[in-house]
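Asker: Residue numbers (the numbering used here): 38 to 190.
Heads up, the beta-carbon is just placed ideally off N, CA and C, and yes, glycines get one too.
Just so you know, these numbers come straight off a predicted model, no measurement behind them.
First, the structure itself, so that you have it in front of you.
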């Protein structure tokens with residue numbers, strides 16, 4: 038599985054943060070708020086899930102991208118630096134774990150050229166939900182972005 042390498046500028050994600058082992062509940066809480074409180078400066082309805090790993094714990098932040106930090110206090114803002122990402126397409130029906138090994142292998146096989154970027158000293162990934170995400174449908178796709186930087190001598 039070969040990822041696409043994509044470049045993204047700084048991402049501002051207005052949403053909520055919660056326990057990465059309870060992602061479904063975090064999304065439900067976000068969607069409930071999102072339906073009540075308009076995010077006027079959102080760039081689109083596409084969803085973002087940022088998963089930050091710290092030892093055995095995973096924290097996730099779910100939300101939508103916004104143009105600036107002017108958001109309602111009910112939401113928290115996560116800022117991700119501009120980055121190059123290794124983007125993997127995952128078919129939801131096959132399960133996320135089916136791709137985790139492939140992503141780990143790609144990182145391992147390319148460790149001479151790329152290293153994973155960290156945020157506050159911890160590895161993270163971004164799950165990107167656009168119009169190709171259709172819930173549990175057989176054709177539903179989520180992109181998983183691993184932030185990488187080229188290793189230079």
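Can you list, in chain order, the residues of its chain whose CB lies under 6 angstroms from that of residue 25, leaving out five sequence neighbours each side?
Answerer: This structure cannot settle anything about residue 25, because the visible part of the chain is limited to 38 through 190.
Asker: At 3 residues or longer, and completely inside the stretch 131 to 185: list those beta strand (DSSP E) runs for me, N to C.
Answerer: The stretch 131 to 185 contains these whole beta strand (DSSP E) runs: 151 to 153 and 159 to 166.
Asker: Return the CA-CA distance between residue 77 and residue 111, expressed in angstroms with no decimal places.
Answerer: Spanning the two alpha carbons is a distance of roughly 14 angstroms.
Asker: Quick test of the definition: if touching needs 3 or more C-beta pairs under 8 angstroms, does the stretch 60 to 68 touch the stretch 140 to 154?
Answerer: In short, these stretches do not touch, since the Cβ pair count stays below three.
Asker: Is it buried or exposed for residue 81, if we count other Cβ within 10 angstroms and need 16 for buried?
Answerer: So residue 81 ends up on the exposed side.
Asker: Helix, strand or coil: which one does DSSP assign to residue 94?
Answerer: Correct three-state label for residue 94: strand.
Asker: Compare the beta carbon distance of residue 96 and residue 53 with 8 angstroms and say whether it is the shorter of the two.
Answerer: It is not a contact, given that the beta carbons lie outside the stated cut-off.
Asker: Should residue 68 go down as buried or exposed, given a rule of 16 or more other Cβ atoms within 10 Å for buried?
Answerer: Exposed: under 16 other Cβ atoms inside 10 Å.
Asker: What first and last residue would you give for the alpha helix (DSSP H) that runs through residue 67?
Answerer: It spans 60 to 73 - the alpha helix (DSSP H) in which residue 67 sits, taken as one unbroken run.
Asker: Would you kindly report the start and end of the unbroken beta strand (DSSP E) that includes residue 80?
Answerer: Careful: residue 80 lies outside any beta strand (DSSP E) and carries neither H nor E.
Asker: Just how far apart, CA to CA, sit residue 175 and residue 137?
Answerer: Looking at the two C-alpha atoms, the distance is approximately 19 angstroms.
Asker: Roughly how many angstroms separate the alpha carbons of residue 156 and residue 50, rounded to a whole number?
Answerer: Rounded to the nearest angstrom, the two C-alpha atoms are 15 angstroms apart.
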